[in-house]
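Below: one structure, written as structure tokens.
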Amino acid sequence: MTQKLLREYFELCPDGQCAIDVLTENERKRVINEGAVYLVGVCQKSGTKNGNGRIYRKETLQREVENYQRVIRERRSLGELDHPDDSVINLKNASHLAVKMWWDGENVLGKFEVLDTPSGRILKDLIKAGVKLGISSRGLGTVKEVQGQTIVEDDFQLICFDMVSEPSTPGAFVSPQADISPDINLYIKESKGFSKQEKLNNIIDDILKE
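Letter 175 of the sequence shown, counting from 1, is numbered 521 in this note's numbering, and no numbers are missing.
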């Protein structure tokens with residue numbers, strides 16, 4: 347059976363608050379001194395039907411998360427802003443880098459550094475504008491039907507994690523807040539008076555003018 351592109355959508359931690367306890371001392375210094383931005387959220391889930399109706403076995407995800415640790419150590423764990431329709435990571439669209447990944451029960455959590463690239467700067471400005479974002483895994487694999495359930499088979503290969511605007515999972519969004527600790531520097535109050543599309547257009551226009 348031919349492998350197909352499998353994309354799953356999840357939420358970043360509400361208000362980014364779960365980032366507080368996972369930032370290293372060096373990362374905290376970068377946030378304060380350089381304005382660095384880190385995002386944390388659930389990247390994958392095992393044993394649970396996701397928004398696309400698929401279920402991932404834990405042993406399959408454990409293997410892929412373990413393999414991905416080497417990619418993280420080598421700083422090759424790039425992701426894109428928006429979801430391409432292929433299995434290739436386009437470097438010109440890279441916006442963030444996975445810097446840590448770990449298990450919390452049946453959930454896979456990840457920590458991501460927003461990069462100082464054109465797409466990364468757009469991502470950072472979208473966050474500052476209060477735009478709701480989700481995270482989406484991208485991988486290759488096949489599925490099979492077992493007793494009415496769609497199971498991702500053991501040939502699944504994790505590619506990367508992308509930042510997206512329209513998760514398929516209900517409520518899978520970042521919720522910006524007005525008051526966020528300044529030493530975290532993740533989100534600021536959502537601007538008022540503009541529609542979501544107007545805010546997106548204004549942010550992109552400002553970046554292209556720089």
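For glycine and all other residues, C-beta sits at the position ideal for the given N, C-alpha and C. Here the structure is a predicted model, which means the values were calculated and not measured.
Determine the DSSP secondary structure at G466, reduced to helix, strand or coil. Correct three-state label for G466: helix.
Is R484 buried or exposed, if buried means 16 or more other CB atoms sit within 10 Å of its CB? Looking at its Cβ environment, which holds 16 or more other Cβ atoms inside 10 Å, R484 is buried.
Sequence ranges, beta strand (DSSP E) only - wholly within the stretch 364-419, length at least 3: DSSP assignment within the stretch 364-419 yields the following whole beta strand (DSSP E) runs of 3 residues or more, N-terminal first: 384-391 and 400-402.
To the nearest angstrom, how far is it from the Cα of I378 to the Cα of N372? The straight-line gap from Cα to Cα measures roughly 10 Å.
Look up I497 in the DSSP assignment and give the residues it is bridged to. Partner(s): I401 and K490.
Are E459 and S392 close, meaning C-beta to C-beta below 8 Å? Their beta carbons are not under 8 Å apart, which means E459 does not touch S392 by this criterion.
Going by CA-CA distance only, name the one from K446, L351, E499 and I473 that's closest to E420. For E420, the nearest C-alpha among the options comes from K446.
What is the DSSP secondary structure of I473, reduced to helix, strand or coil? Correct three-state label for I473: helix.
Does DSSP put L479 in a helix, a strand or coil? Collapsing the DSSP output to three states places L479 in coil.
Give me, in chain order, the residues of the same chain whose beta-carbon lies closer than 7 Å to that of K490; leave out the 5 immediate sequence neighbours on both sides. Counting only Cβ-Cβ distances below 7 Å, and skipping sequence neighbours, we find I497 and E499.
Tell me the rounded alpha-carbon separation between D431 and R353. Going from the Cα of D431 to the Cα of R353 covers about 9 Å.
Cβ shell of V454 (< 8 Å), same chain only, five flanking positions each side left out: Around V454: V388, C389, Q390, K391, S392, L407, V411, M447 and W448.
From the DSSP output, in three-state form, read off N436 for me. Note: N436 maps to coil in three-state DSSP.
I need the straight-line Cα distance from G466 to Q493, nearest angstrom please. Take the alpha-carbon of G466 and the one of Q493: they are about 43 Å apart.
Would you report the Cα separation of S423 and L443, rounded to the nearest angstrom? One alpha carbon belongs to S423, the other to L443, and they sit about 5 Å apart.
Would I481 pass as a contact of S433 if the rule is Cβ separation under 8 Å? Taking C-beta atoms as the reference points, I481 and S433 fail to come closer than 8 Å.
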